[in-house]
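Here the structure is laid out as structure tokens; the discussion comes afterwards.
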């Protein structure tokens, strides 16, 4: 049997994404020893019990000793602080990567704190997840047939990118590369805005109904449940993502408000033909997407 690519993997933030990465690599035989570090000792202990990690580290200094690969899997708002903590203790050949849903802010943090390690820092984002969080939510199959976007730096070592790609392929992911600003623009449209809409819809129901909330929601069907599923996501994580991608997200909110205003005008004008056309265009776009997916 071939030896694993990694002797020691350090996961900072052993939640849904970090835990699933560790589990998938363990199942694929790609890693010998996995160390976890994070804010919640309860979560780390659960990760130990579930076999996601082999060891809990108390601090980055001890955790980074002889580490081949570091995965930054905490909320993006913590990225700069964590990079500053680990930078003095990184080995010259240690690969560092992240899973942040925003990339320009992560790269800026790396250029600030990992300036001597940019050849070995490979920014990534797996397009996968659920509304659940923590080690309990981790799954071996989370990344199967999902996209993994790499936003490489000009300084990146080709072998570092190759190793990162290989590891994610063993997790089942499909690899794509693009510029960081393109990534942030696209994700603002297809991920960040939908989360804001789901949170806002739930808050709208909570604050604008005249009846008791439980009386309203007991009649909610699958359509409401589907529309608001991602409102169960981590508020801390999505606070950080939205603030990090503020520029692109504000543009998308404005554009969406224009669309909603147009629909309101059509409805106020009692224009059934225009309303049906609007719905038909949306339906056609979604069906084309599902056929090509």
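Numbering (the numbering used here), first residue to last: 2 to 294. Backbone N, C-alpha and C define an ideal beta-carbon position, used for all residues, glycine too.
- Here the alpha carbons of residue 241 and residue 103 stand approximately 9 Å from one another.
- DSSP places residue 124 outside both helix and strand once states are collapsed to three, so it counts as coil.
- Taken in chain order, the whole beta strand (DSSP E) runs of length 3 or more contained in the region 2-36 are 7-13.
- By alpha-carbon distance to residue 59, the top candidate from 6, 11, 21 and 173 is 11.
- Here residue 236 is exposed. Its C-beta has fewer than 16 other C-beta atoms within 10 Å.
- Between the region 223-235 and the region 114-134 there are three or more inter-stretch CB-CB distances shorter than 8 Å, so the stretches are counted as touching.
- Cβ neighbours of residue 84 within its own chain (closer than 6 Å, five residues either side excluded): 110, 114 and 115.
- Residue 96 is positioned such that its CB atom lies no closer than 9 Å to that of residue 61.
- Per DSSP, the continuous alpha helix (DSSP H) segment holding residue 224 begins and ends at 223-229.
- Counting along the chain, the unbroken beta strand (DSSP E) around residue 178 starts and ends at 175-178.
- Take the alpha-carbon of residue 267 and the one of residue 202: they are about 21 Å apart.
- Of the candidates 212, 162 and 243, the residue whose Cα lies closest to the Cα of residue 197 is 243.
- For residue 151, the enclosing beta strand (DSSP E) begins and ends at 148-151.
- Taking residue 123 as the centre and dropping the five residues before and after it, the same chain places the C-beta of 96, 97, 98, 151, 153, 154, 157, 161, 162 and 165 closer than 8 Å to its C-beta, in chain order.
- DSSP lists no beta-bridge partner residue for residue 237.
- Counting every other CB atom within 10 Å of its CB across the protein chains shown gives residue 286 a total below 16, marking it as exposed.
- The beta carbon of residue 31 lies closer than 7 Å to those of 5, 6, 7, 168 and 171 in the same chain, with the five residues before and after it left out.
- Judged by beta-carbon spacing, residue 91 lies beyond the 9 Å limit of residue 22, meaning their Cβ atoms are not closer than that value.
- Rounded to whole angstroms, the Cβ separation of residue 39 and residue 15 is 6 Å, and the two are in contact under 8 Å.
- Residue 94 has its alpha-carbon roughly 42 Å from the corresponding atom of residue 199.
- In the DSSP assignment, residue 59 falls outside any alpha helix (DSSP H), carrying neither H nor E.
- Straight-line measurement puts the Cα of residue 252 at about 17 Å from the Cα of residue 239.
- With contacts defined by Cβ atoms closer than 9 Å, residue 57 and residue 45 form a contacting pair.
- Beyond the five residues adjoining it in sequence on each side, residue 140 comes within less than 6 Å, by CB distance, of 21 in the same chain, given in chain order.
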